[in-house]
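Quick notes on the structure that follows.
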Amino acid sequence: MAVTVEPHAPFVVLDTGDTIVEVGPGAESQFRPLLGSVLWDCFPGSRPVFKPYYDEARRTRKPVEFVQFHNGNVARVRANPRADDRLELYWEVVSRLDTLTLDGLAQTLDEALELLDRWTESGDRDELRKSLRVIEGGA
Amino acid sequence: MTAVAAPRAPTTDLYVVLDDHDRIVSVSPRLRDDLGHWLGHVLWDHVPAAKEICGPCFDEARASGQPVETVVLYSGRVRRLTAIPAADGLAVHGERLAELDVTSLGTLMQSLARIEAVLADRASAQPDSPARASLRALP
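Quick mapping for you: the protein sequence lines, in order, are chains A and B. All the letters of the first sequence, read from the start, carry residue numbers 1 to 139 under the working numbering. All the letters of the second sequence, read from the start, carry residue numbers 1001 to 1139 under the working numbering.
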């Protein structure tokens, strides 16, 4: 299924070394203090889930859109390569995990997995559902 | 599901003491930095979502006059809670058993597996009562 991220101002812009070199107005509070930092240093664990898409956008010189889970959020992301070799990232969170209680976790994880099922393919998510069912059964 | 009488006294030094109205009247030295500023406050004023889940355990300990143990999930952490009634209040000991890691779907799956294992360990340690592990919320 195609992913569409509305074309607002870029969330952030990366240089060829994945350093944050521009921050859009929609990301000021979170990313302005990170200007000049390498993205992966700021968000440990994020590199393997995002960088392959960014590399693809740079390699093909075409926008890449995808849906990804990270830090409890499901986000639609668009990586748009520019003529100056910088990479614009557009970002929209479409679902958040609620880990406050087991009920909240079960409900929001189900929603997140539904979204991911709709946009991507992976065998892992059936295992996640199975684990959650076991935990709910133990409660 | 109901909590169960604790088979042994807890060894944790992480505890708070509640009065009959669930007001925090004492905090163990190791928790003072984190929870010392809650002294004199009703516990549920800070963690209202936990009342429905932890409250029955506390009530049962008070009613029975016996220690009661349960396993709870709150704010992404799984803890063993032991409520120990005494003349001067209810001591609530907490021991962290596992933690959700929402960094990626992979880490989430691994952490859910660890929680499954914790629940399975509890179930196997108490074969006469299959419903002893209760994954509920805690402060």
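We treat Cβ as the ideally placed atom computed from N, Cα and C, and that holds for glycine.
Counting only Cβ pairs nearer than 7 Å, list the residues of chain A close to G1076 (chain B). Near G1076 (chain B) (Cβ distances below 7 Å), the residues of chain A are T99.
Where do the ends of the beta strand (DSSP E) carrying F66 (chain A) lie? Going by DSSP, F66 (chain A) is part of the beta strand (DSSP E) stretching over 64 to 70.
How long is the line joining the alpha carbons of F11 (chain A) and L89 (chain A), rounded to whole angstroms? Each residue's alpha carbon lies about 6 Å from the other.
Please confirm whether L1100 (chain B) and S1111 (chain B) have their CB atoms less than 7 Å apart. The answer is yes: Cβ separation under 7 Å.
Other residues of its chain near I1084 (chain B): CB distance less than 6 Å, five sequence neighbours each side excluded: Counting only Cβ-Cβ distances below 6 Å, and skipping sequence neighbours, we find P1067, A1091.
Could you tell me how far apart the beta carbons of L100 (chain A) and E136 (chain A) are, in whole angstroms, since I believe they sit closer than 8 Å? Going by Cβ atoms, the distance from L100 (chain A) to E136 (chain A) rounds to 15 Å, so no, they are not a contact pair.
Quick check on L195 (chain A) - is its C-beta less than 7 Å from some C-beta in chain B? No statement about residue 195 (chain A) is possible, as the shown extent of chain A runs from 1 to 139 and does not include it.
Among B:S1124, B:S1028, B:L1081, the one whose alpha carbon lies nearest that of R1039 (chain B): Residue identity check: residue 1039 (chain B) is Leu in the sequence provided, not Arg. It is B:S1028 whose Cα lies nearest to the Cα of L1039 (chain B).
Out of B:H1041, B:H1093, B:R1032, B:D1013, which one is the CA nearest neighbour of C1057 (chain B)? Considering only alpha carbons, the answer is B:H1093.
Span of the alpha helix (DSSP H) around A27 (chain A): Per DSSP, A27 (chain A) belongs to no alpha helix (DSSP H) and is neither H nor E.
Out of A:K130, A:L132, A:V64, A:D41, state which residue places its alpha-carbon closest to the alpha-carbon of N80 (chain A). The residue with the shortest Cα to Cα distance from N80 (chain A) is A:V64.
Determine, using beta carbons only, whether V67 (chain A) comes closer than 7 Å to chain B. For V67 (chain A), the closest Cβ of chain B is not nearer than 7 Å.
Collapsed DSSP secondary structure at A75 (chain A) in the structure displayed: Strand.
Just how far apart, CA to CA, sit V13 (chain A) and P52 (chain A)? When the Cα atoms are used, V13 (chain A) and P52 (chain A) turn out to be separated by approximately 16 Å.
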